[in-house]
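Colleague: Keeping their order, the protein sequence lines are chains A and B.
Once you know that position 143 of the first sequence is 143 in my numbering, the rest is easy, because the numbers rise by one and skip nothing.
Remember, my numbering sits 165 above the position in the second sequence when you count from 1.
Even glycine gets a Cβ: it sits at the ideal position worked out from N, Cα and C.
First, the structure itself, so that you have it in front of you.
Number of protein chains: 2
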Amino acid sequence: MSARVRVEDRECPLSTAMSYVGEWWTMLILHDCFDGYSRFDQFQANIGLSSSMLTARLKTLVDNGILTKRAYQERPVRYEYVLTDFGRSLRPILVAMAAWRNEQLAPSERAMVLVDSETGREVEPVTIDPVSGVSVSDPRFAFRSGPAAGEQMRARYARPRARDV
Amino acid sequence: MSARVRVEDRECPLSTAMSYVGEWWTMLILHDCFDGYSRFDQFQANIGLSSSMLTARLKTLVDNGILTKRAYQERPVRYEYVLTDFGRSLRPILVAMAAWRNEQLAPSERAMVLVDSETGREVEPVTIDPVSGVSVSDPRFAFRSGPAAGEQMRARYARPRARDV
DNA sequence: CAGTATCCTGTCCGATACTG
DNA sequence: CAGTATCGGACAGGATACTG
């Protein structure tokens, strides 16, 4: 999965991520795709947005390389929208969001869960440092400017931190 | 309905998460908070949005229980905004987003990185199932309706999946 | 079925000005 | 410094109508 910066080259990786997945409808369409839905009317039925908006959103997703549009039949020609590898790489973000919400609910209160489909076991995902195995919520982890930091990013991390979070 | 939907209205945990973190500025303010910034002018300098919008966003964040506003001095009274425990629980989402973008870049191209502040080592976070240790990108993991699923959510997952993703 | 096209309303958001 | 108040343009997004 290669780099694909369509939107606007902000140096902050968080801003870049937000420019891809920061829109409400975009995330819901992605959710549909991960669940195996691929067609215009399925999206519309599941999500309930207007056809003009859906058209616009699908176009950005295709332009951004997250979905591909392909004909699944001729005469009349019909299209479906499927995830690219690049699009699939967004899955951990989507899963982390759903997991965040489910953590606040008792298991019996959850409307949607992630499961291991081989066993049916419910999964409660965590985001960790793979080297230490420690959750990224641990205060020992902090952002710093990287090698490609510009002026603003360097300034941001130049001063000592006000407090640990 | 737009992103301004009341949080309780949606049973889908992903939608709920999006209603909290789905806005561009909200995420950037959170990023500032995680980096130890807490004051109005710092947010404004770092993010560069208008004071009226910043006021509005801070208000939503406080109303949603993600930040607390507290006076750090009297005469004149000055406020700062700090993360609640609830706010801190959003960290994995933010980290997962930044990590997603950094994965597309060579290490030397990264403007911002997560580090273990004890050792300075760069961290490349992953979102996994803690039981098996397998990444949530593995196709064996899939969403299903949970115990509290309503009609629509049950219907969504009732039919066999069109394809594995 | 898979969209386009058009209209219309509400909201986002910067700009500007003002306050204690 | 930490906001509040107001204006106005741009655009998100619903509703509706239409098309091959």
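Ignore the nearest five residues each way along the sequence and tell me which others in Asp294/B's own chain have a CB closer than 6 Å to its CB.
Modeller: Closer than 6 Å at Cβ, skipping near neighbours: no residue.
Colleague: Of all the residues that make up the segment 212–242 of chain B, which are near chain A by a beta-carbon distance shorter than 8 Å?
Modeller: Answer set for the segment 212–242 of chain B: empty.
Colleague: What does the alpha-carbon distance come out to for the pair Asn229/B and Val288/B?
Modeller: For Asn229/B and Val288/B, the distance between alpha carbons rounds to 30 Å.
Colleague: Take the Cβ of Thr171/A as the centre, count every other Cβ of all protein chains shown within 10 Å, and call the residue buried at 16 or more, exposed below.
Modeller: Not covered by the structure: residue 171/A. The range shown for chain A is 1 to 165.
Colleague: Could you check where the alpha helix (DSSP H) with Glu74/A kicks off and where it finishes?
Modeller: Unbroken run through Glu74/A: none, as it is neither H nor E.
Colleague: Quick check: Arg106/A and Pro257/B, are their CB atoms within less than 7 Å of each other?
Modeller: Residue identity differs from the one stated: residue 106/A is Ala in this sequence, not Arg. Against a cut-off of 7 Å, the Cβ pair of Pro257/B and Ala106/A comes out as no contact.
Colleague: Is the Cβ of Leu195/B closer than 7 Å to any Cβ of chain A?
Modeller: For Leu195/B, the answer is no, since every Cβ of chain A falls outside 7 Å of its Cβ.
Colleague: For a test of the three-state rule: what should DSSP assign to Ser215/B, helix, strand or coil?
Modeller: The answer is coil: DSSP assigns Ser215/B none of H, G, I, E or B.
Colleague: Using the C-alpha atoms, what's the distance from Gly22/A back to Gly187/B?
Modeller: Roughly 5 Å between the two C-alpha positions.
Colleague: How close, in whole Å, do the beta carbons of Phe15/A and Leu193/B come, if the pair is a contact with beta carbons under 8 Å?
Modeller: Per the sequence shown, the amino acid found at residue 15/A is Ser instead of Phe. Going by Cβ atoms, the distance from Ser15/A to Leu193/B rounds to 7 Å, so yes, they are a contact pair.
Colleague: If you run the structure through DSSP and keep just helix, strand and coil, what is Val170/A?
Modeller: An answer regarding residue 170/A cannot be provided, because it is not within the stretch 1 to 165 covered by chain A.
Colleague: Between Thr26/A and chain B, is there a C-beta pair that is closer than 7 Å?
Modeller: Chain B contact via Cβ: absent.
Colleague: Kindly indicate which residue of Glu268/B, His196/B and Tyr237/B has the alpha-carbon position closest to the one of Val291/B.
Modeller: Of Glu268/B, His196/B and Tyr237/B, the residue nearest in Cα terms is Glu268/B.
Colleague: Bridge partners of Ile128/A, per DSSP?
Modeller: In DSSP, Ile128/A forms a bridge with Ser135/A and Val291/B.
Colleague: Report the residue from Val301/B, Trp265/B, Ile212/B and Met277/B whose alpha carbon sits nearest the alpha carbon of Arg154/A.
Modeller: Among Val301/B, Trp265/B, Ile212/B and Met277/B, the Cα nearest to that of Arg154/A belongs to Met277/B.
Colleague: For the segment 89–105 of chain A, which residues have a CB atom closer than 9 Å to at least one CB atom of chain B, in sequence order?
Modeller: Under the 9 Å Cβ criterion, the segment 89–105 of chain A contributes Ser89, Leu90, Arg91, Pro92, Ile93, Leu94, Val95, Ala96, Met97, Ala98, Ala99, Trp100, Arg101, Asn102, Glu103, Gln104 and Leu105.
Colleague: Rank Thr249/B, Pro304/B, Ser254/B and Met218/B by C-alpha distance to the C-alpha of Val115/A and give the top, closest one.
Modeller: Taking only the C-alpha atoms, the option nearest Val115/A is Pro304/B.
Colleague: Only counting the same chain, and skipping five residues up and downstream in sequence, which positions put a Cβ closer than 6 Å to that of Ala99/A?
Modeller: Cβ neighbours of Ala99/A beyond the five flanking positions: Pro125.
Colleague: Just curious, the beta strand (DSSP E) that Leu279/B is in, first and last residue?
Modeller: Note, Leu279/B: beta strand (DSSP E), Met277 to Asp281.
Colleague: Kindly indicate which three-state DSSP category Thr119/A falls into: helix, strand or coil?
Modeller: Coil.
Colleague: Taking Cβ positions only, does Arg175/B come closer than 7 Å to chain A?
Modeller: Not closer than 7 Å to any Cβ of chain A, the Cβ of Arg175/B fails to qualify, so no.
Colleague: Please check if any C-beta of chain B sits within less than 7 Å of the C-beta of Phe141/A.
Modeller: Yes, because at least one Cβ of chain B sits closer than 7 Å to the Cβ of Phe141/A.
Colleague: Determine, for Thr16/A, whether the minimum Cβ-Cβ distance to residues of chain B falls below 7 Å.
Modeller: It does: the Cβ of Thr16/A has a partner Cβ on chain B nearer than 7 Å.
Colleague: Looking only at its chain, what residues have a beta carbon closer than 6 Å to the beta carbon of Ile212/B, apart from the 5 residues adjacent to it on each side?
Modeller: Only Leu193 meet the Cβ criterion.
Colleague: On the DSSP letters alone, give me the boundaries of the beta strand (DSSP E) that Ala307/B sits inside.
Modeller: Start and end: Phe306 to Ser310.
Colleague: Please state the DSSP three-state secondary structure of Leu67/A.
Modeller: Strand at Leu67/A.
Colleague: State the CB to CB distance for the pair Leu54/A and Phe43/A, rounded to an integer number of angstroms; the pair is presumed to be in contact (CB under 8 Å).
Modeller: Right, the Cβ-Cβ distance comes to about 6 Å (below 8 Å), so this counts as a contact.
Colleague: Have a look at Glu316/B, Pro178/B, Gly285/B and Leu232/B and flag the residue whose alpha-carbon is nearest the alpha-carbon of Asp197/B.
Modeller: Comparing Cα positions, the closest option is Leu232/B.
Colleague: So with Cβ pairs under 7 Å, would you call Arg110/A a contact of chain B?
Modeller: For Arg110/A, the answer is yes, since a Cβ of chain B falls inside 7 Å of its Cβ.
Colleague: Pick from Glu74/A, Ala142/A, Arg121/A and Lys69/A: whose alpha carbon is nearest that of Glu80/A?
Modeller: Considering only alpha carbons, the answer is Lys69/A.
Colleague: Can you give me the Cβ contacts of Ala236/B inside the same chain, cut-off strictly under 7 Å, excluding the 5 residues immediately before and after it?
Modeller: Here the set comprises Val242, Arg243 and Tyr244.
Colleague: Can you tell me where the alpha helix (DSSP H) with Tyr185/B in it begins and where it stops?
Modeller: Pro178 to Val186 is the extent of the alpha helix (DSSP H) around Tyr185/B.
Colleague: Would you say Gly22/A reaches chain B, if we count a Cβ-Cβ gap shorter than 7 Å as a contact?
Modeller: It does: the Cβ of Gly22/A has a partner Cβ on chain B nearer than 7 Å.
Colleague: With 7 Å set as the bound, which would you pick, yes or no: does the beta-carbon of Arg324/B sit closer than that to a beta-carbon of chain A?
Modeller: No, its Cβ sits nowhere closer than 7 Å to a Cβ of chain A.
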